[in-house]
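Numbering (the numbering used here), first residue to last: 144 to 314.
Backbone N, C-alpha and C fix where the C-beta goes; we use that ideal spot for every residue, glycine too.
The structure presented is a predicted model; accordingly, all values stated were derived computationally and were not measured.
Read the structure below first, then the notes.
So this is what it looks like as structure tokens:
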């Protein structure tokens, strides 16, 4: 399956709105509004474009056979953690279990190390989110530790797994 990532454009707003509105939210941040409106989408695309221009992150759609099927980003941390980026991703449920996210993670990490002055890319994953943990592990992310009782979502408390990927000397 041919997977690539591309910059978000305003013309993609309707597809992004559908993607985010229909997303499986069990393991997503509550920052993602629900319902996810077209206004949310246009504001987020504007934000993503501004952040990229300021070299504060990379924001991409995940594309399979010319169809947008997901969202993936790496956002730079600030202050003393300015050489670290945090990765996040979501994929349309109908495309799960096809290694699409694994390929997209590989692509965006390579791009992030080329475009941003990062030394590491981290991910904070709910412990029961086995699928996302496997995606990261397939891409040489290392489990650095478990933050006990770190996440409160929908009335439940979860442990969080902290993963990291490190810049290679050749990048």
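Considering residue i, what are the terminal residues of the beta strand (DSSP E) in which it resides?
i           : result
residue 256 : Per DSSP, residue 256 belongs to no beta strand (DSSP E); it is in the alpha helix (DSSP H), 243-258.
residue 307 : 299-309
residue 266 : 263-269
residue 232 : 227-234
With DSSP collapsed to three states, give me the class of residue i.
i           : result
residue 172 : coil
residue 296 : strand
residue 158 : helix
residue 152 : coil
Around the C-beta of residue i, are 16 or more other C-beta atoms found within 10 angstroms, so that it is buried, or is it exposed?
i           : result
residue 235 : buried
residue 307 : buried
residue 228 : buried
residue 151 : buried
residue 203 : buried
residue 334 : This structure cannot speak to residue 334, because the chain is shown only from 144 to 314.
Go to residue i, then tell me how far its alpha helix (DSSP H) extends in each direction, as first and last residue.
i           : result
residue 280 : 273-281
So, at 6 Å on beta carbons, what are the nonlocal neighbours of residue i in its own chain, with the 5 sequence-adjacent residues on each side left out?
i           : result
residue 178 : 164
residue 272 : 170
Residues in its own chain within less than 7 Å of residue i by CB, not counting five upstream and five downstream?
i           : result
residue 225 : 219
residue 208 : 145
What residues in its chain sit with their C-beta under 8 Å from that of residue i, if we drop five residues either side in the sequence?
i           : result
residue 303 : 267, 268, 269, 270, 289, 290, 293, 294
**Q.** 4 or more residues per run - each alpha helix (DSSP H) lying fully within the stretch 161-222
**A.** Restricting attention to alpha helix (DSSP H) runs no shorter than 4 residues, the stretch 161-222 encloses them at 181-196, ordered along the chain.
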